[in-house]
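Under my numbering, the residues of the sequence shown are numbered 765 to 1097, in order. Below: the structure, in structure tokens.
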Amino acid sequence: MKIITVEEHFMVKEINDRFNQIIKPRDEFDKNQLGFVSMFVDRGQITDLDEQRIRFMDENGVDAQIIGYGNNSPMHISKEDGAVELCRLANDTLAAACNKYPGRFYGYATLPVDDVEASVNELERCVKELGFAGAMFNGSFNGHFLDEEKFYPIFKKVSELHIPVYLHPTEVTKELRDYYYSGSWNERTTNVFSGFGIGWHYDTAMHLMRFILSGIFDRLPDLKMIVGHWGELLPFYFDRMDEHLSPQVTGLKHNIKYYFENHIYTNPSGIWSKDDFDFVLKSFPVEHILWAQDYCYGVNDIRVKTFLEEYPIKDETRELIAHGNAEKLFCLN
Ligand code: CA
């Protein structure tokens, strides 16, 4: 069974060094967070786009990775601080690896969203010249969610280029962290609670809902968006949202679930939970379920192939989820 994983990451040491010079920690928490992210760079696994990654894929049955930038993405840097050049460096680095390993690596564009015009141009270059398969956005920019009208030209270009958008989490703002996630527990708990423990999944869920409620899918009927982590909690609320966020309330053309069934795709992001998979199979069209390990963050539990092989579903469905849906969505054939 061929496996294509769609939420895999890389980082570039030079970009991370610049990130650490530019982004000033607001407090001790930020400082520790930056240190935590940089630890992955120091280990070298995430910066490798060569033999080490290929070896991991070969050993674990992964035929192809679709790769986007990890934490400390240059998309979070302002245009004054050189976002355009740093995103270009990220994209060129990834493209060189994709050229070296055709059919094994595919790329998501990283865009300097603080400069919308430059983002549109860079996206076009990434798809038409570098052959990238999609664009990845790591959360909001400087407290601004990307559904704001000023970012619309980027998504219009995405739609014109017939590529999907990956909406990935990032750290929540300091305001949200203090309000929701700080309390009578230690800093490490706040870090995980506000981040990959659950906080950034709620944040990504709200980001996606904001896109839906903004009407962007009515304006761009070809736009496709992927969220990881089995739908970022939202499938549990499809029925409730359909009842209460009806078109009579929202002014949208359709009910909420319609947008998931026609525009939104999801995948496990390396969370090997049978209950989650059961629920997503019930709540999403099978053609909208993709596969992912979350390399190299999610390498403590590597069941990327065995989990799917052992799961009791029809082989036809398994093949779609393992690779067929990704091949169609990313136009890989
Ligand atoms: Ca990830």
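Each residue gets a CB set at the ideal place from its N, CA and C atoms; glycine is no exception. Remember, it's a predicted structure, so these values are computed and weren't measured experimentally.
- Beta-carbon to beta-carbon, V922 and P876 are separated by about 15 Å, too far to satisfy the 8 Å threshold.
- Around the beta carbon of D781, a 10 Å sphere encloses fewer than 16 other beta carbons of the protein chains shown; the residue is thus reported as exposed.
- Rounded to the nearest whole angstrom, the CA to CA distance from V776 to L894 is 18 Å.
- In terms of Cβ geometry, P1076 and I990 do not form a close pair [threshold 8 Å].
- Taking a contact to require three or more Cβ pairs closer than 8 Å, the segment 925–940 and the segment 879–892 qualify as touching.
- For E771, the shortest separation between its Cβ and any heavy atom of ligand 1 lies below 7 Å.
- In this structure, F1094 keeps its C-beta atom at 8 Å or more from the C-beta atom of G903.
- Annotated as proximal: H971 and L931, with beta-carbon spacing under 8 Å.
- Contact fails between the segment 1001–1019 and the segment 1061–1078, because fewer than three Cβ pairs, one in each stretch, are under 8 Å apart.
- A distance of 8 Å or more separates the beta carbons of M839 and F783.
- Relative to ligand 1, S1033 has its C-beta within less than 7 Å of a heavy atom.
- Secondary structure of L984 (DSSP, three-state): coil.
- The residue from R974, I768, D822 and D982 with its alpha-carbon nearest to that of Y870 is I768.
- Counting along the chain, H840 sits inside no alpha helix (DSSP H), nor does DSSP assign it H or E at all.
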